[in-house]
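Protein sequences, first through last, are from chains A and B. Using my numbering, the first residue of the first sequence is number 1, and each one after it goes up by one. Using my numbering, the first residue of the second sequence is number 1, and each one after it goes up by one. Even glycine gets a Cβ: it sits at the ideal position worked out from N, Cα and C. Being a predicted model, the structure only gives us computed values, none of them experimental.
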Amino acid sequence: MTTDVLVGAAGETARPIRRKAAPSASARATRRALVAYAVVLLVWQLGATSRGWLGHPLPYLGNLPAPSAVLEAFRRLIVDPGYWQSGYASFVRVLTGFGAAVVVGVPLGLVMALNPRIRRVVFPVFELLRPIPPLAWVPAAIIFWPTQELSIDFVIFIGAFYTMVLNVLGGADAVDVRLIQTARSMGASRWNVFSRVVLPAVIPSIVVGSQVAIGVTWEVVVAAEMISGGGSGGGTSSGGGLGFFIWNSYVGGSYPQIVVGMISIGIAGYFSSAALRWTGGRLTRWAGARS
Amino acid sequence: MTMPAIELRAVDKTYAIGRKSREVVQDCSFAVADGSFTVVIGPSGAGKSTLMRLIAGFERPSKGEILVDGRPVKGPGPDRQVVFQETALFPWMTTRENVAYGPKARGDYTPDARHLAARLIERVGLDQFQNKYPSQLSGGMQRRAELARAMVNRPRVMILDEPFRGLDAMTKKLMLEYYSALSRESKRTNLFVTTDVDEAIFLADRLLVMTHIPTRVRAAIDVDLPYPRQLAGFASDDRANDLKRQVLSLLHEEAARSFGAGGVAADFVAAYRSRMAEEST
Numbered sequence: 001m002t003t004d005v006l007v008g009a010a011g012e013t014a015r016p017i018r019r020k021a022a023p024s025a026s027a028r029a030t031r032r033a034l035v036a037y038a039v040v041l042l043v044w045q046l047g048a049t050s051r052g053w054l055g056h057p058l059p060y061l062g063n064l065p066a067p068s069a070v071l072e073a074f075r076r077l078i079v080d081p082g083y084w085q086s087g088y089a090s091f092v093r094v095l096t097g098f099g100a101a102v103v104v105g106v107p108l109g110l111v112m113a114l115n116p117r118i119r120r121v122v123f124p125v126f127e128l129l130r131p132i133p134p135l136a137w138v139p140a141a142i143i144f145w146p147t148q149e150l151s152i153d154f155v156i157f158i159g160a161f162y163t164m165v166l167n168v169l170g171g172a173d174a175v176d177v178r179l180i181q182t183a184r185s186m187g188a189s190r191w192n193v194f195s196r197v198v199l200p201a202v203i204p205s206i207v208v209g210s211q212v213a214i215g216v217t218w219e220v221v222v223a224a225e226m227i228s229g230g231g232s233g234g235g236t237s238s239g240g241g242l243g244f245f246i247w248n249s250y251v252g253g254s255y256p257q258i259v260v261g262m263i264s265i266g267i268a269g270y271f272s273s274a275a276l277r278w279t280g281g282r283l284t285r286w287a288g289a290r291s
Numbered sequence: 001m002t003m004p005a006i007e008l009r010a011v012d013k014t015y016a017i018g019r020k021s022r023e024v025v026q027d028c029s030f031a032v033a034d035g036s037f038t039v040v041i042g043p044s045g046a047g048k049s050t051l052m053r054l055i056a057g058f059e060r061p062s063k064g065e066i067l068v069d070g071r072p073v074k075g076p077g078p079d080r081q082v083v084f085q086e087t088a089l090f091p092w093m094t095t096r097e098n099v100a101y102g103p104k105a106r107g108d109y110t111p112d113a114r115h116l117a118a119r120l121i122e123r124v125g126l127d128q129f130q131n132k133y134p135s136q137l138s139g140g141m142q143r144r145a146e147l148a149r150a151m152v153n154r155p156r157v158m159i160l161d162e163p164f165r166g167l168d169a170m171t172k173k174l175m176l177e178y179y180s181a182l183s184r185e186s187k188r189t190n191l192f193v194t195t196d197v198d199e200a201i202f203l204a205d206r207l208l209v210m211t212h213i214p215t216r217v218r219a220a221i222d223v224d225l226p227y228p229r230q231l232a233g234f235a236s237d238d239r240a241n242d243l244k245r246q247v248l249s250l251l252h253e254e255a256a257r258s259f260g261a262g263g264v265a266a267d268f269v270a271a272y273r274s275r276m277a278e279e280s281t
């Protein structure tokens, strides 16, 4: 399977400057991942076809579409432009909501960390809104925002926003005060201390926050699409995104297609995390340098 | 008489902890002569680091005055460079970027400063490690990089707060001999904090023995041992041993005061006392 090969490759890029690891270590990791996937597939196949070889279906597993059926559905869908459009629609939404969360969340976190007065004003409001799950915002978002598309983007934004802010705030609070004192004692300006000391110190937290946040956005986008009925596309599944695609498959009774949708989200989430991990690794080479 | 490089006049420092307040420095006065190597020694937790932060200008005294070159300290400045207990190198900068940071941050990275930075990196033996990040350096290398990063600012005073703590015994010994030679060469004023008597006597022109918290000077002792000193030779040097006993007994009194009477602490003090008696015979 193509995904299996890529798992190993993406896993290796995490730490660019790490002292040369034995090449066998990553090969072994890839091998183990392959074994794990094979075992999962085997159990799944056996369970799903249990009605045939056992006489009656096993609980839970017996009602699943078999991997072979899913593969068949996948083969059919991979040439279907509608499937790709669904994936693309969800991807754009995730990117928009996540991007907005980074653009708004990072400065807000930094401002709260650096200015106690603003923190005292903003933080209580922030903490009051934070426990509200992103999906609880869906009806309000639909009412607030002029288009369905914007409402979904907004809900995704909510999903990623709190994680970003809290990580940046925590990272900025944890900056070693001696580094700031050192910089100040050398005559650095406030701006220099911020840009050369505080900001680099916070980057690892931004990277970690982004990785957690992007995961949340994939959870949220699907649910938001299901609830809101898929946005601008309306009746057709193409503009509705993967969430609507899954929901549509469920309504239409094509269960293998549901599983294809689910796995697609898993793969998309995996690659967006891997991309962020890779970018983060490039930005924090110095941190990966510990042997 | 020349003006002292640093002068403390009746300095108090009190921290508020909730509604209570804790006096860490009380009525502390001393002067550090220009170009001297002054070692501040006292029981751990005595408030020595607080004193250094006050002199560095990171914090303000609650009462009293701190003068550097006769001018009151208003905040941190390049004339006083601090080397902390554990590494405070910028982790995202290479050795060279760390050392060049000060002049660059001040917009003062002239060819002259560039030259000095390069020379200092070479002087501390890190020219092979210019492009390494701190996490790629050993503990001893980190300390040396930090010394270079401080010295490139041509400080009037170097404030070193237990800079070699946490290094293994061998590295620590080498660093001590190394820094002693380096500072002797530069004629710069040094204020060096430690809890280690051997380290103190090895480095110092003058020793300030501090009291337990709230801290002030218990005794000032001139260390008139000739240079170059050898750490290894101290065991057989009568003058060094006399000084050591004198300092230890002062420190012991202060430590005993901090323990108070009774319980496990008193037992510990008694054991310590009998060990000292054994050693001195």
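Can you name the residues that DSSP bridges to K187/B? According to DSSP, K187/B bridges with nothing at all.
When P43/B, V217/B, L203/B and E122/B are compared against D224/B, the one with the closest alpha-carbon: L203/B
So which of I41/B, S21/B and G64/B has the shortest CA-CA distance to E7/B? G64/B
To the nearest angstrom, report how far apart V193/B and H212/B are at their CA atoms. 14 Å
Please tell me whether R9/B has its Cβ less than 8 Å away from any Cβ of chain A. no
Can you confirm whether D176/A, when its beta carbon is compared against all beta carbons of chain B, has any partner nearer than 8 Å? yes
If we require 4 or more residues per run, which alpha helix (DSSP H) segments fall completely within the stretch 100-147 of chain A? 116-129 and 138-144
May I ask which residues mark the beginning and end of the alpha helix (DSSP H) holding M210/B? It is not in any alpha helix (DSSP H) - M210/B instead sits in the beta strand (DSSP E) that spans R206 to M210.
Measure from the C-beta of S68/A to each C-beta in chain B and report whether the shortest distance is under 8 Å. no
Inter-stretch contact (C-beta, 8 Å, three-pair minimum) for the stretch 214-224 of chain A and the stretch 28-46 of chain A: no
Please check if any C-beta of chain A sits within less than 8 Å of the C-beta of A76/B. Looking at the sequence provided, one finds Pro at residue 76/B rather than Ala. Judged by the 8 Å Cβ criterion, P76/B is in contact with chain A.
Considering only the alpha carbon of each residue, which of A235/B, Q85/B and K104/B lies closest to E162/B? Q85/B
Select from the stretch 77-101 of chain B all residues with a C-beta closer than 7 Å to any C-beta belonging to chain A, and list them in chain order. G77, P78, R80, Q81, V82, F84, A88, F90, P91, W92 and Y101
C-beta neighbour in chain B for W379/A, strict 8 Å: No answer is possible for residue 379/A: it lies beyond the span of chain A, which begins at 1 and ends at 291.
Does the beta carbon of N192/A sit closer than 8 Å to a beta carbon anywhere in chain B? yes
What is the DSSP secondary structure of E23/B, reduced to helix, strand or coil? strand
Cutting at 8 Å between CB atoms, please list the residues of its own chain near P16/A, excluding the five before and the five after it. Residue placement at P16/A is poorly supported in this model, since its pLDDT is 46, which falls under 50; the coordinates still yield a value, given next. Around P16/A: G281, R282, R285 and G288.
Determine the DSSP secondary structure at K13/B, reduced to helix, strand or coil. strand
How is D222/B classed by DSSP in three states: helix, strand or coil? strand
Verify the CB distance criterion: does T279/A have a CB-CB separation below 8 Å to chain B? no
Against chain B, does G209/A count as a neighbour if the rule is that its beta carbon must be under 8 Å from one of theirs? no
Could you check what DSSP says for E86/B in three-state terms: helix, strand or coil? coil
In chain order, which alpha helix (DSSP H) runs of at least 4 residues are fully inside the stretch 12-96 of chain A? 23-48, 50-54 and 67-77
In this structure, what does DSSP give as the bridge partners for P72/B? L67/B
Just the C-alpha distance for G11/A and A274/A, rounded to the nearest angstrom, thanks. Interpretation of G11/A is limited by its pLDDT of 38, a score under 50 that renders its predicted location unreliable; the figure taken from the coordinates is listed afterwards. The alpha-carbon atoms of G11/A and A274/A are separated by roughly 8 Å.
Can you list the residues of chain A that R106/B reaches, using a CB-CB cut of under 8 Å? M186, G187 and A188
Contacts that H153/B makes with chain A (C-beta to C-beta distance below 9 Å): It is worth fixing the name first, because residue 153/B is Asn in this sequence and not His. Under the 9 Å cutoff, chain A gives S185, M186 and G187.
On the DSSP bridge list, what partners appear for A31/B? E7/B
Note down, in chain order, every chain B residue with its Cβ under 7 Å from the Cβ of P116/A. Within chain B, no residue comes near P116/A; the closest Cβ sits about 17 Å away, beyond 7 Å.
Take V212/A and list the residues in its own chain whose beta-carbon comes closer than 6 Å to its own, dropping the five residues that flank it on each side. T163
Quick check on the burial criterion: 16 or more other C-beta atoms within 10 angstroms. Buried or exposed for V79/A? exposed
Can you find a CB in chain A that lies within less than 8 Å of the CB of Y227/B? no
Should V68/B and V152/B be called a contact, given that it needs their Cβ atoms to be closer than 8 Å? no
Interface partners of V148/B on chain A, CB under 9 Å: In the sequence as presented, Val is not what sits at residue 148/B; that position holds Ala. What A148/B touches in chain A: nothing, since even the nearest Cβ is about 13 Å away.
For R216/B, does the three-state DSSP call read helix, strand or coil? coil
Beta-carbon neighbours of V197/A, restricted to chain B and to distances below 7 Å: F90
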